[in-house]
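Have a look at the structure below, then the notes.
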Amino acid sequence: PGMVYKTPRDLVYVTTNAALVKAGMRWDQILVLAFQAGVFIAFGSILATVICASDDYETFTHWPGLKSLIFGAVFPVGLLAVVIVGGELFTSNTAYMVPAYLQGTISLYDLLRNYTLSYFGNFIGAVFAAYFLAYAPDLFEKEPYRHFAIAVAEKKMHHTWFAAFCRAVGCNYLVCVAVWQSLASDDIASKILAIWFPTMAFVALGYEHCVANMYFCTIGIMLGSEKTYWDFIVDNLIPVTLGNIVGGAGFIAGLYYYVYMYVPPWLAADSENTSAENHSELIGGQPGQSAHENKASNGTARPPTSSSMKSQAATAKYITQNWSEVDGTSNKVELIPFHRDSSGNFSAGDLKQWAARSSSQNQGNNVPHMSTQSLQSPEDLCI
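Count the sequence shown with the working numbering and you get residues 59 to 441, in order.
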């Protein structure tokens, strides 16, 4: 078989699946996975510090980009662990949750709950790693490690508020590109390559990542920096967090939602008639009949809207586990290439094809059967 990968359009639906699962997780699960993500990112930061701290100032003076390249080349081990081993990373979650929220699959409460728990879990994990995995073991007790760690922290807290914000936008632009690219493939080697290059790029460019900074600035202060925790929060953490949200939620999730899922208002009115015809065909009515006319003629009710899909937890969980990367297993199937017409409508044929495949896959899985009567659009299914 040829190489299988997901298209850019597929990735938006995959992240919508992931958001549905994230919204259904218990608060303690999110907090523990967020703690893990904070520690993983800190591991990459510790490794980069150990490798790049050097007394050979002459070499790095002549080739300043060399140190940035080396720093960026080893830092991605943290994000690789988050994606492959599992973790709730605030910066990538800023993009994961937005398309699902804009589609009505999850609520604003679900989005803010995930943001808040993952953010504070990341903070706890990063501070834990700074003290117990770097400071307490005396990794940076001697020079040049101590000097380098302090210098990195002070440089991050030296930026102007606007400069830190803009650097953070660029950072999460690339971080979310890395995570979304990893979703396009199913094998580990491809995921590593997909994550490594954008992550290396943001670090080498000197962009600002709020979770990494939770470690970098904390360890710098612990080692004796003249900066304080107040300086860290006001001068770095606040603008960087806001910039990361804009980069991930706005420039990645928002723009790709607009391109692949959003139906503009000037097409919405024209699409209603076509949608009614497609829907009539799906539930066994006659094209051109309204939903009430179809119900009267064949006794079949109008299928649920996208918001009602959330209540079908068992089916939604099955769909997500088999159509996205969330469950971390090889139990994947090839995505059906759904097609829109010029009015933004999905074809009834595509929906029937999905229903047939869903029916065959549900056998023996103790999952409620999803028939064509309960289908309205791929958005309703969050696929």
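C-beta atoms are modelled at their ideal positions from N, C-alpha and C, and glycine is treated no differently.
query                                                                                                                 : result
Anticipated Cβ contact below 8 Å, V141 with S243, distance rounded                                                    : Not really, about 11 Å apart at Cβ, beyond 8 Å.
Alpha-carbon spacing of C268 relative to V237, whole angstroms                                                        : 16 Å
Distance, Y265 Cα to V227 Cα                                                                                          : 8 Å
Cβ neighbours of A252 in the same chain (closer than 6 Å, five flanking residues each side left out)                  : Q239, S240
Contact check, F260 vs L232, beta carbons under 9 Å                                                                   : yes
Reduced DSSP secondary structure (H/G/I, E/B, other) of D196                                                          : coil
Local conformation of H216 per DSSP, three classes                                                                    : coil
At least 3 beta-carbon pairs within less than 8 Å: the stretch 173 to 190 vs the stretch 76 to 95                     : yes
Beta-carbon gap between A153 and G130 smaller than 9 Å                                                                : no
Span separating the alpha-carbon of D196 from that of G123                                                            : 28 Å
A207 and F290 closer than 9 Å at C-beta                                                                               : no
F198 classed as buried or exposed, judged by whether at least 16 other C-beta atoms fall within 10 angstroms          : buried
Three or more C-beta pairs below 8 Å linking the stretch 142 to 161 and the stretch 72 to 89                          : yes
Sub-9 Å separation of K249 and L175 beta-carbons                                                                      : no
CA-to-CA distance, A307 to V70, given in whole angstroms                                                              : 13 Å
Segment limits, alpha helix (DSSP H) that includes V292                                                               : It is not in any alpha helix (DSSP H) - V292 carries neither H nor E in the DSSP assignment.
Identity of the residue in Y314, I277, S150, L91 nearest A209 by Cα                                                   : I277
Cα-Cα separation between V143 and A247, rounded to whole angstroms                                                    : 14 Å
Continuous alpha helix (DSSP H) assignments of at least 4 residues falling wholly in the stretch 71 to 112            : 85 to 110
Nearest neighbour of A184, chosen from K213, H217, T163, G145 [CA to CA]                                              : G145
Nearest-angstrom beta carbon gap, S150 and E212 [assumed within contact, 8 Å]                                         : 27 Å between Cβ atoms; not a contact.
Cα-Cα separation, G102 to V132                                                                                        : 7 Å
Enclosing alpha helix (DSSP H) for F181 [first to last residue]                                                       : 166 to 186
Backbone CA spacing between Y320 and I310 [nearest angstrom]                                                          : 14 Å
Neighbourhood of L169 by C-beta distance below 7 Å, restricted to the same chain and skipping five residues each side : M155, Y159
Rounded C-alpha distance that separates P322 from G82                                                                 : 30 Å
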